[in-house]
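Take a look at the structure set out below.
Protein chains: 4
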Amino acid sequence: MQDIKERVLKFNEERDWHKFHSPENLAKSISIEAGELLECFQWNNNYNKEEVIEELADVVNYCILMSNALGVELEDIVLEKLKKTEKKYPIEKAKGVSTKYNKFDK
Amino acid sequence: MQDIKERVLKFNEERDWHKFHSPENLAKSISIEAGELLECFQWNNNYNKEEVIEELADVVNYCILMSNALGVELEDIVLEKLKKTEKKYPIEKAKGVSTKYNKFDK
Amino acid sequence: MQDIKERVLKFNEERDWHKFHSPENLAKSISIEAGELLECFQWNNNYNKEEVIEELADVVNYCILMSNALGVELEDIVLEKLKKTEKKYPIEKAKGVSTKYNKFDK
Amino acid sequence: MQDIKERVLKFNEERDWHKFHSPENLAKSISIEAGELLECFQWNNNYNKEEVIEELADVVNYCILMSNALGVELEDIVLEKLKKTEKKYPIEKAKGVSTKYNKFDK
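Chains as they are written, first to last, in our numbering: chain A, 1 to 106; chain B, 1001 to 1106; chain C, 2001 to 2106; chain D, 3001 to 3106.
In structure tokens:
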């Protein structure tokens, strides 16, 4: 991911766009692009794979910029969150079900 | 990213969750998590960095699962999209402005 | 709202579009249109009022269709929810602050 | 809708919350609530109707506040937009299909 992050940052530096990239603006941008990704599936499941891939790339592009704005690495924060989620969703309770952790039997 | 992708996939295999991870369900999930990320900035800009990082990790987690469902690598698709975007936003037109490409002067 | 609901329903009946309007598809549609509304504010606050109004109308259009799919009236459900919110946000605790109810002092 | 709009405005005036309700913050809020609505359908179609209704009410609540911030009436703007959409989607082309207008045969 490091390589691609550098490419994305360089692209934006060349265009002097970092001034637009406050965490708040990037959070909006991720939501906007997520909506465009969802649009590929709006009425049915016959999605156009090329369109889906492009919209997914747009979401990830802004996630990379957000990680830069926050001074963190995406790999690190996904790993950290995974460790927390492992505790909230122990295999024996979570296996095969989509139940939210706060609705597990105690 | 390869390492973290394997960790994420293993986590979901252990819980037999891949059956939920159709591209459509993942697109919904990315939008839902993007909304939670945006909530950190709902009324003002005094965000809690730890919360923002966790919500961003959730978005990226589902992007990783989506890349797996589509059989692509996130690094590759972001790079491909960047090449397209470079053509749509040449430096001399895009520099310092947030104008959308379809509103550039011809 | 009754008048406009009938107009919206008639428009969709004429086009035989109700078959697409499952609650799930409408939930996706509301998110998609909400993303387009948000795009009017992506990089700054200099929004185009006409564009904002059109995107807001799209969101509400799908909310009307959702109310129809669920067999409820928007006025009724907003009123019901308001009563609940009044209890969660008593004036003396909520006045002038954007604090979420679960973070109020006990 | 007029009655319920007045109720919603009064609720927010009593709490001195209008100061938070810039069009931009309301656009974020509509997206956030749309995400919560979508969450009711995240993994399958077995939705809890009561939850769906509450989340839909939250979306409409913020749409009402947005209409107030913009100085327009929701009924008026939905009707205006419907007239435009009727032109973009003539019955003979749109009947029974979910095709986007820009993909119609010329």
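Don't be surprised by glycine CBs; every beta carbon is placed ideally from N, CA and C.
Give me the residue from the options with the minimum Cα distance to residue i.
| i | options | result |
| --- | --- | --- |
| residue 2060 of chain C | C:2030, C:2044 and C:2076 | C:2030 |
| residue 3087 of chain D | D:3104, D:3071, D:3075 and D:3073 | D:3104 |
| residue 1013 of chain B | B:1065, B:1099 and B:1040 | B:1065 |
| residue 34 of chain A | A:58, A:99, A:101 and A:80 | A:58 |
| residue 3100 of chain D | A:106, A:85, A:41 and A:62 | A:41 |
| residue 1095 of chain B | A:72, A:96 and A:11 | A:11 |
| residue 1053 of chain B | A:85, A:78 and A:3 | A:78 |
| residue 2049 of chain C | D:3024, D:3046 and D:3049 | D:3024 |
| residue 62 of chain A | A:106, A:102 and A:32 | A:32 |
To the nearest angstrom, how far is the alpha carbon of residue i from that of residue j?
| i | j | result |
| --- | --- | --- |
| residue 3067 of chain D | residue 1019 of chain B | 42 Å |
| residue 43 of chain A | residue 3093 of chain D | 17 Å |
| residue 1017 of chain B | residue 90 of chain A | 13 Å |
| residue 37 of chain A | residue 55 of chain A | 5 Å |
| residue 8 of chain A | residue 3027 of chain D | 28 Å |
| residue 21 of chain A | residue 1098 of chain B | 11 Å |
| residue 5 of chain A | residue 3069 of chain D | 39 Å |
| residue 1003 of chain B | residue 3051 of chain D | 38 Å |
| residue 2039 of chain C | residue 1039 of chain B | 16 Å |
| residue 84 of chain A | residue 3047 of chain D | 27 Å |
| residue 1102 of chain B | residue 2106 of chain C | 53 Å |
| residue 1071 of chain B | residue 82 of chain A | 22 Å |
| residue 3073 of chain D | residue 45 of chain A | 35 Å |
| residue 2015 of chain C | residue 15 of chain A | 45 Å |
Just checking: is the beta-carbon of residue i within a distance shorter than 8 Å of some beta-carbon in chain A?
| i | result |
| --- | --- |
| residue 2032 of chain C | yes |
| residue 1070 of chain B | yes |
| residue 2096 of chain C | no |
| residue 2169 of chain C | Outside the shown range of chain C (2001 to 2106) lies residue 2169 of chain C, about which nothing can therefore be said. |
| residue 1079 of chain B | yes |
Quick one: does residue i have its CB under 8 Å from some CB of chain D?
| i | result |
| --- | --- |
| residue 28 of chain A | yes |
| residue 2006 of chain C | no |
| residue 2058 of chain C | yes |
Check the Cβ-Cβ distances between residue i and every residue of chain C, and say whether any is below 8 Å.
| i | result |
| --- | --- |
| residue 50 of chain A | no |
| residue 41 of chain A | yes |
| residue 25 of chain A | yes |
| residue 3102 of chain D | no |
| residue 3065 of chain D | no |
Taking only beta-carbon atoms, is residue i less than 8 Å away from chain B?
| i | result |
| --- | --- |
| residue 38 of chain A | yes |
| residue 3020 of chain D | yes |
| residue 16 of chain A | yes |
| residue 45 of chain A | yes |
Roughly how far, in whole angstroms, is the beta-carbon of residue i from the beta-carbon of residue j, given that I think they are within contact range, below 8 Å?
| i | j | result |
| --- | --- | --- |
| residue 2001 of chain C | residue 3080 of chain D | Not quite, the Cβ-Cβ distance comes to about 15 Å (not below 8 Å), so this is no contact. |
key: Whole alpha helix (DSSP H) elements within the segment 8–95 of chain A, 4-residue minimum   = List check, alpha helix (DSSP H) in window: 23–39, 49–70, 74–88 and 91–94.
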